[in-house]
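Here the sequence shown stands for residues 1 to 250, where the numbers follow UniProt numbering. Don't be surprised by glycine CBs; every beta carbon is placed ideally from N, CA and C. Source: prediction; values computed, not measured. Structure first, commentary second.
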Amino acid sequence: MELRRAALSFTNTALAPFSSLPNPSLSGRDGKRWRVVCSNSTKPSQGSQMVVSITGATGFISQRLVQKLLADDHKVRVLTRSRAKARLVFPAEKFPEILIAEEEEWEKCIQGSNGVVNLAGMPISTRWSSEIKKEIKKSRINVTSKIVGSINRTNPDFRPSVLVSATAIGYYGTSETHSFDETSPSGNDYLSEVCREWEARASEVDNNVRLVLIRIGIVLGKDGGALAKMIPLFMMFAGGPLGSGRQWCN
Ligand SMILES: NC(=O)c1ccc[n+]([C@@H]2O[C@H](COP(=O)([O-])OP(=O)(O)OC[C@H]3O[C@@H](n4cnc5c(N)ncnc54)[C@H](OP(=O)(O)O)[C@@H]3O)[C@@H](O)[C@H]2O)c1
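Following this line, the structure appears as structure tokens:
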């Protein structure tokens, strides 16, 4: 399978209009309750503004992506398991333009989106019992299957033209001596297996949808991810060099 490179930005797709209807399940800033309904009757149109549906949008990486897309004047649909949690991350006062959808509404949101970005998955930085390992894999495969199914069921006129789906450099396994590139084979450890199955699900997307698999490396930022977990240890003088410090030096 060919790995296609991706930047987390879209340049060649267009705007599909957003629509909102009154609804009893969501409070507006004025105290009225609203339900946001994703329109499935509007085609993604040609233009510079896009509608992007994002799973895992409440996560460490995606929060930045959402902010970047909004700053570039695109429309964002947050596909989440919990509207309440997503509203905490994206408060209506600060992000009035974001549309938040729980699982039963994902498919409608995907219809009429120009692109879908799939960044959901249970965090892996935890103790790996056999149960947790199953959950880590299942969380990625289930969400990916769900959005791929939704995209494939969508009438081609309303279908997103691109699916950007996360995977990880874990695909390659590990080595203290070899370096890897996109042509390298997959490894033979647990994370390699997760990534292969994750990518395989994404690859089931309709052939007319451009698939971009991003094998993400360790993302460092003080607000989350691996670094935020490490900083407190270093603050307590319990940190130290990682390995020999000469990994992958030839
Ligand atoms: N951060 C890194 O260094 C790194 C490196 C390589 C690959 N990646 C991959 O890139 C993606 C995004 O990473 P991230 O660090 O931003 O992730 P994250 O902060 O842990 O958040 C990902 C999002 O996934 C959803 N999620 C969490 N548990 C889930 C579960 N059990 N089932 C379904 N959805 C679940 C949550 O969204 P809702 O609660 O809103 O549904 C969460 O906000 C992940 O798939 C990760 O494996 C990350």
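In this structure, does DSSP put residue i in helix, strand or coil?
i    : result
T144 : helix
G243 : coil
R127 : coil
L69  : helix
K134 : helix
Round the Cβ separation of residue i and residue j to the nearest angstrom and send it over; I've been treating them as touching at under 8 Å.
i           : j    : result
S113        : V66  : Rounded, the Cβ-Cβ distance is 14 Å, inconsistent with contact.
residue 263 : G115 : The displayed coordinates of the chain run from 1 to 250. Any statement about residue 263 would go beyond what the structure contains.
D206        : I151 : 6 Å
I100        : T80  : 6 Å
Hey, could you find the ends of the beta strand (DSSP E) residue i is sitting in?
i    : result
I100 : L99 to A101
I54  : V51 to T55
G115 : G115 to N118
K94  : Neither: K94 is in no beta strand (DSSP E) and is coded neither H nor E.
Hey, would you say residue i sits closer than 7 Å to residue j, going by beta carbons?
i    : j    : result
N118 : I147 : yes
A226 : I218 : yes
G224 : L191 : no
A202 : S165 : yes
A86  : V78  : yes
S139 : G121 : yes
T167 : Q111 : no
V209 : L163 : yes
E102 : R127 : no
L58  : V89  : Note that residue 58 corresponds to Thr in the displayed sequence, not to Leu. A contact, by the Cβ cut-off of 7 Å.
E104 : I141 : no
Q173 : D189 : The sequence as given places Gly at residue 173; Gln does not occur at that position. Yes, the Cβ-Cβ distance between G173 and D189 is below 7 Å.
S125 : K229 : yes
Output the boundary residues of the alpha helix (DSSP H) element that contains residue i.
i    : result
K85  : R83 to V89
K108 : W106 to I110
Any heavy atom of ligand 2 inside 6 Å of the beta-carbon of residue i?
i    : result
M230 : Annotation note on ligand 2: not contained in the displayed structure, which lists ligand 1 as its ligands.
Whole beta strand (DSSP E) runs in the region 148-233 with 3 or more residues, listed along the chain?
162-168 and 210-216
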